[in-house]
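Q:
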Amino acid sequence: MKPDPSTQNDISFDDFQSQILQDYKVAVTSRECSLLGRREVLSGKAKFGIFGDGKELPQLAMARAFQDGDFRSGYYRDQTFMMALGLLGPKEFFHGLYATTDLVKEPMSAGRQMGGHFMTHSLNEDGTWKNLTKQKNSSADISCTAGQMPRLLGLAQASKIYRSLDNLDASNFSENGNEVAWGTIGNASTSEGHFFETLNAAGVMQVPMVISVWDDEYGISVPAEFHTTKGDISEALKGFQRDDEKSGYEILKVKGWDYTALIHAFENAGEIARENHIPVLIHVTELTQPQGHSTSGSHERYKSAERLEWERENDCNKRFREWIIANEISTEEALKALEREIKLSVRAAKKEAWAEFLEPNITAKKELLQLLDNAASKSPNRAFILKLKNDLIALDEPLKKDLASRSRTALRYLLGEETSEKLALKDWISNYLDSAQPKYSSHLYSELSNNATNVDPISPQYLEESELVDGRIILRDNFDSLFEKYPHALIFGEDTGNIGDVNQGLEGLQKKYGELRVADTGIRESTIVGQGIGLAMRGLRPIAEIQYLDYILYGLQTLSDDLATLLYRTVGKQKAPLIIRTRGHRLEGIWHSGSPMGGLVHLLRGMHILVPRNMTQAAGFYNTLMKSDEPALVIESLNGYRLKEKKPNNLGEFCTPIGKVEVMKEGSDITLLSYGSTLRIVEKVAQELLEVGIDAEVIDAQSLLPFDLSHDTVQSLKKTNRLLIVDEDVPGGCSAYLLQKIVEEQQGYRYLDSAPQTLTAKAHRPAYASDGDYFSKPNAEDIFEKVYQIMNEADPESFPSLR
Ligand SMILES: Cc1ncc(C[n+]2csc(CCOP(=O)(O)OP(=O)(O)O)c2C)c(N)n1
Ligand SMILES: [Mg+2]
Numbered sequence: 000m001k002p003d004p005s006t007q008n009d010i011s012f013d014d015f016q017s018q019i020l021q022d023y024k025v026a027v028t029s030r031e032c033s034l035l036g037r038r039e040v041l042s043g044k045a046k047f048g049i050f051g052d053g054k055e056l057p058q059l060a061m062a063r064a065f066q067d068g069d070f071r072s073g074y075y076r077d078q079t080f081m082m083a084l085g086l087l088g089p090k091e092f093f094h095g096l097y098a099t100t101d102l103v104k105e106p107m108s109a110g111r112q113m114g115g116h117f118m119t120h121s122l123n124e125d126g127t128w129k130n131l132t133k134q135k136n137s138s139a140d141i142s143c144t145a146g147q148m149p150r151l152l153g154l155a156q157a158s159k160i161y162r163s164l165d166n167l168d169a170s171n172f173s174e175n176g177n178e179v180a181w182g183t184i185g186n187a188s189t190s191e192g193h194f195f196e197t198l199n200a201a202g203v204m205q206v207p208m209v210i211s212v213w214d215d216e217y218g219i220s221v222p223a224e225f226h227t228t229k230g231d232i233s234e235a236l237k238g239f240q241r242d243d244e245k246s247g248y249e250i251l252k253v254k255g256w257d258y259t260a261l262i263h264a265f266e267n268a269g270e271i272a273r274e275n276h277i278p279v280l281i282h283v284t285e286l287t288q289p290q291g292h293s294t295s296g297s298h299e300r301y302k303s304a305e306r307l308e309w310e311r312e313n314d315c316n317k318r319f320r321e322w323i324i325a326n327e328i329s330t331e332e333a334l335k336a337l338e339r340e341i342k343l344s345v346r347a348a349k350k351e352a353w354a355e356f357l358e359p360n361i362t363a364k365k366e367l368l369q370l371l372d373n374a375a376s377k378s379p380n381r382a383f384i385l386k387l388k389n390d391l392i393a394l395d396e397p398l399k400k401d402l403a404s405r406s407r408t409a410l411r412y413l414l415g416e417e418t419s420e421k422l423a424l425k426d427w428i429s430n431y432l433d434s435a436q437p438k439y440s441s442h443l444y445s446e447l448s449n450n451a452t453n454v455d456p457i458s459p460q461y462l463e464e465s466e467l468v469d470g471r472i473i474l475r476d477n478f479d480s481l482f483e484k485y486p487h488a489l490i491f492g493e494d495t496g497n498i499g500d501v502n503q504g505l506e507g508l509q510k511k512y513g514e515l516r517v518a519d520t521g522i523r524e525s526t527i528v529g530q531g532i533g534l535a536m537r538g539l540r541p542i543a544e545i546q547y548l549d550y551i552l553y554g555l556q557t558l559s560d561d562l563a564t565l566l567y568r569t570v571g572k573q574k575a576p577l578i579i580r581t582r583g584h585r586l587e588g589i590w591h592s593g594s595p596m597g598g599l600v601h602l603l604r605g606m607h608i609l610v611p612r613n614m615t616q617a618a619g620f621y622n623t624l625m626k627s628d629e630p631a632l633v634i635e636s637l638n639g640y641r642l643k644e645k646k647p648n649n650l651g652e653f654c655t656p657i658g659k660v661e662v663m664k665e666g667s668d669i670t671l672l673s674y675g676s677t678l679r680i681v682e683k684v685a686q687e688l689l690e691v692g693i694d695a696e697v698i699d700a701q702s703l704l705p706f707d708l709s710h711d712t713v714q715s716l717k718k719t720n721r722l723l724i725v726d727e728d729v730p731g732g733c734s735a736y737l738l739q740k741i742v743e744e745q746q747g748y749r750y751l752d753s754a755p756q757t758l759t760a761k762a763h764r765p766a767y768a769s770d771g772d773y774f775s776k777p778n779a780e781d782i783f784e785k786v787y788q789i790m791n792e793a794d795p796e797s798f799p800s801l802r
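Numbering (numbering that gives the first Met the number 0), first residue to last: 0 to 802.
Structure follows, in structure tokens:
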């Protein structure tokens, strides 16, 4: 019986046959990589392994439906898909497993990510965009299960935006919005909120997204009935199915070992999504895990003998092979020969990769042995150094850490010696560390010349007759200028569109720029963030609004794990210049006056965090960020929208510098550093302090990440010799971060005559109403008394005790 090629797009039987054999070749290659990969981990050459075995067949089908310009947002099982598209070969696969730190050899992350995390390069060497419509794209994976989902929404929505807005230059990103965003997720991970949130949002927005669920009925050791209602995700999601009256999803269900059904399903899904921008869910069932979940344990511990037997019988590669033979596409002998050949070539690739991984270390080892020998020859501690040398000789397969650790230890035996041999060793160590460290630490922020901290500051300009207006008017009119100036800019969030945000900073702008550029969203913070990430990865300039800072916690996982790590984990090969706009600090109550800045500055390294004191400064930050290409969080002061500010006449142009503090009042007795809403109180108190003879210098931090790049704060300490940091975070929160920056990094301790101190909110959340605020956050009297107390301690005669 010959298989019927009629499910294909009218290809000949010969083509159909060679397509099948090509797919089989990839399936076997991928499987062989998984099998050998596991052994590499168990033998200690690689640290951890998680592989795509048992999921090969559906990925081949997905690859066949995937077109240039499309994007994948998937997870660690997708090696076969990457191989089928020619984006990953066996040698790169093993380089990934070993963590080779060379992006040419290990294009998925230069060893920063575990194997099984995939990406393609969106950016050229100089940071400019590649033409993404001419390549197959994979957004960089993250390990957190379902963490790939929020981003998928934005990747899909970008096609909709490009199809709908016609004044956009889409040349590198889209051809009439014809690109599909393909998501993959494990069955158990569909239990995560991110999955449901994304699913719902994409159904509402009707974007070209195809989500494939690889269902192997387990999430590590836990079977389906613990994860999913009815133990079956497509069954549970039936209400999402579109019908004649209402739009929704096309939901397909297909068995993971059924080649023709898979090809058919993915082709069908691709067409529906691509042409009509209808989201599709493909539930791929009956998949297996031939080697268990990962190298961390064996599945024999938790699967029954029957289940294990079923998995062996229904292994998708095995059934594909049987089908090929039964349908006379090839013969047992021919397949055996092919499999033998593949085995040999994968083994050879593995060997080559390991040799290439070791090669620089072996070279460095030779150099180091010579240097140790030289140093030992002149040292009274010769025996100890030679012991280190011999230990090193015994290491046939040295890691960088072996070399760094032994060479640094050797220096301890050379203490007090001043020979040229010791000097040579010292130099070698410094050079070695200097060249190794960036391989692990570069690209936390943009290393390009147009990065956000390099944007030239431009002051706001005022005319004599410039009017005083509510702060929100400055924001609104500045956004208006920005949307005019940047056709790729768009903003969205809860209540952002129709009413122009809850504080009317976007009043009237939806009418002017349309519902796609100034948009309302559902209440779903993590996919608001993900939407922004995906849009930004496809060349748009999104501003995602989180209604209140307190609710950023819902989006924090996506911000921290995905956005903040993107440039780092791709070594600068992908970027998402997303601006998060939110409002926080002082207002009222436990969930409307939060200022969890310590948490944010720690969890969002890789982003800029800006805390403007007023709306002019805020607008200036947006203008600066739009000129660069880095992700940032801008926190507007909740109680500042109705305060009067003078309206600049260069809206859209003036730029607040990032990483620069501003001295608000000069003084000689003490430096008061603050930011956001609290800064206003500090400024007021500084005036009151003058009345008791204390002349405080007041500094606005305004940019927390990065903070004070030119070290201006320590200049102030040189003058005042005293430091108080005031904020409304918890004790030991952001104020402790600032203290570390000033005292340690800027070496402020050298100039202090009093203990450096912090004044913060109470450790609990702020209580409601004016009294709640007074007793929860630092108030004017607290600040006054704290400063006075510091002065009293320093000079009790001039400043007798107050309270
Ligand atoms: C947020 C999060 N929780 C837990 C884990 C640990 N973990 C890794 S894989 C996994 C199971 C995932 O199962 P499933 O989604 O079915 O994918 P499969 O590995 O079976 O293909 C778990 C719990 C994780 N990586 N991320
Ligand atoms: Mg699973």
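No residue lacks a Cβ here, since even glycine has one placed at the ideal position from N, Cα and C. All values derive from a computational prediction rather than experimental measurement.
Can you grab the Cα-Cα spacing for the pair residue 708 / residue 605, in whole Å?
A: 15 Å
Q: Do residue 533 and residue 802 have their C-beta atoms closer together than 7 Å?
A: no
Q: Output needed for residue 270: all residues of its chain with C-beta closer than 6 Å, excluding positions within five of it in sequence on either side, in chain order.
A: none
Q: If you draw a straight line from the alpha carbon of residue 96 to that of residue 256, how long is it in whole angstroms?
A: 27 Å
Q: Have a look at residue 394 and residue 361 and give me their C-alpha separation to the nearest angstrom.
A: 10 Å
Q: What do you reckon, are the CB atoms on residue 669 and residue 695 nearer than 7 Å?
A: yes
Q: Residue 120 and residue 572 - do their beta-carbons sit closer together than 7 Å?
A: yes
Q: Do you know how far the Cα of residue 263 is from the Cα of residue 7?
A: Low confidence applies to residue 7: its pLDDT is 45, below 50, so where it sits in the model is not reliable enough to give any reading.
Q: In chain order, what residues have a CB nearer than 6 Å to some heavy atom of ligand 4?
A: Ligands displayed in this structure: ligand 1 and ligand 2; ligand 4 is not among them.
Q: Using a 10 Å radius around the Cβ and a threshold of 16 neighbouring Cβ atoms, would you call residue 233 buried or exposed?
A: buried
Q: So, at 6 Å on beta carbons, what are the nonlocal neighbours of residue 2 in its own chain, with the 5 sequence-adjacent residues on each side left out?
A: Reliability of the predicted coordinates at residue 2 is poor, the pLDDT of 46 falling under 50, and the value obtained from them is presented with this limitation in mind. Cβ within range, chain order: 326.
Q: List the DSSP bridge partners of residue 543.
A: 491, 579
Q: Could you say which of 600, 70, 687, 274 lies nearest to residue 780 if we only look at CA atoms?
A: 687
Q: Can you give, in chain order, each stretch of the alpha helix (DSSP H) that sits fully within the segment 82-164 and has at least 4 residues?
A: 89-97, 148-163
Q: May I have the straight-line CA-CA distance separating residue 4 from residue 15, to the nearest angstrom?
A: A caution first: residue 4 carries a pLDDT of 44, below 50, which makes its placement in the model unreliable, though a value can still be read off. Whole-angstrom Cα-Cα distance: 6 Å.
Q: Assuming the contact rule is C-beta atoms closer than 8 Å, residue 265 and residue 61 should be a hit. Round their C-beta distance to whole Å, please.
A: 5 Å
Q: On the CB-based measure, 16 or more other CB atoms within 10 Å of its CB, does residue 545 come out buried or exposed?
A: A residue is called buried when at least 16 other Cβ atoms come within 10 angstroms of its Cβ; residue 545 meets this threshold and is buried.
Q: If you draw a straight line from the C-alpha of residue 98 to the C-alpha of residue 139, how long is it?
A: The straight-line gap from Cα to Cα measures roughly 16 Å.
Q: So, do the segment 714-722 and the segment 739-753 have three or more beta carbon pairs nearer to each other than 8 Å?
A: yes
Q: Would the segment 555-562 count as touching the segment 582-589 if we require 3 or more Cβ pairs under 8 Å?
A: Cβ pair count under 8 Å is below three, so no.
Q: Using DSSP bridges, identify the partner residues of residue 248.
A: Paired residues: 240.
Q: Can you tell me which residues form a DSSP beta bridge with residue 72?
A: 182
Q: Taking the beta carbon of residue 495 as the centre, do at least 16 other beta carbons fall within 10 Å, making it buried, or is it exposed?
A: buried
Q: For the segment 290-374, list the alpha helix (DSSP H) runs that are entirely contained and at least 4 residues long, ordered along the chain.
A: 304-313, 315-325
Q: Report buried or exposed for residue 406, applying the criterion of at least 16 other Cβ atoms within 10 angstroms of its Cβ.
A: buried
Q: If residue 132 sits next to residue 172, beta carbons under 8 Å apart, how far is it from one beta carbon to the other, in whole angstroms?
A: 7 Å
Q: Do you know how far the Cα of residue 409 is from the Cα of residue 417?
A: 14 Å
Q: Select from 716, 580, 630 the residue whose C-alpha is nearest the C-alpha of residue 567.
A: 630
Q: Measuring CB to CB, does residue 480 end up less than 7 Å from residue 632?
A: no
Q: If I follow the unbroken alpha helix (DSSP H) through residue 421, where does it start and stop?
A: Looking at the DSSP string, the run of the alpha helix (DSSP H) that includes residue 421 is 419-440.
Q: Is residue 673 buried or exposed, if buried means 16 or more other CB atoms sit within 10 Å of its CB?
A: buried
Q: For residue 338, which option in 21, 412, 159, 193 has the closest C-alpha, if you only look at C-alpha atoms?
A: Per the Cα distances, 21.
Q: My assumption, with CB atoms under 8 Å, is that residue 283 sits in contact with residue 248. Please give the rounded CB distance.
A: Between residue 283 and residue 248, the beta carbon gap of about 15 Å keeps them out of contact (Cβ cut-off 8 Å).
Q: Could you tell me the boundaries of the beta strand (DSSP E) in which residue 603 lies?
A: Annotation: residue 603 is outside any beta strand (DSSP E) and is labelled neither H nor E by DSSP.
Q: Using the C-alpha atoms, what's the distance from residue 372 back to residue 31?
A: Approximately 44 Å between the Cα atoms of the pair.
Q: Going by DSSP, what residue range makes up the alpha helix (DSSP H) through residue 569?
A: Residue 569 -> no alpha helix (DSSP H), and no H or E assigned at all.
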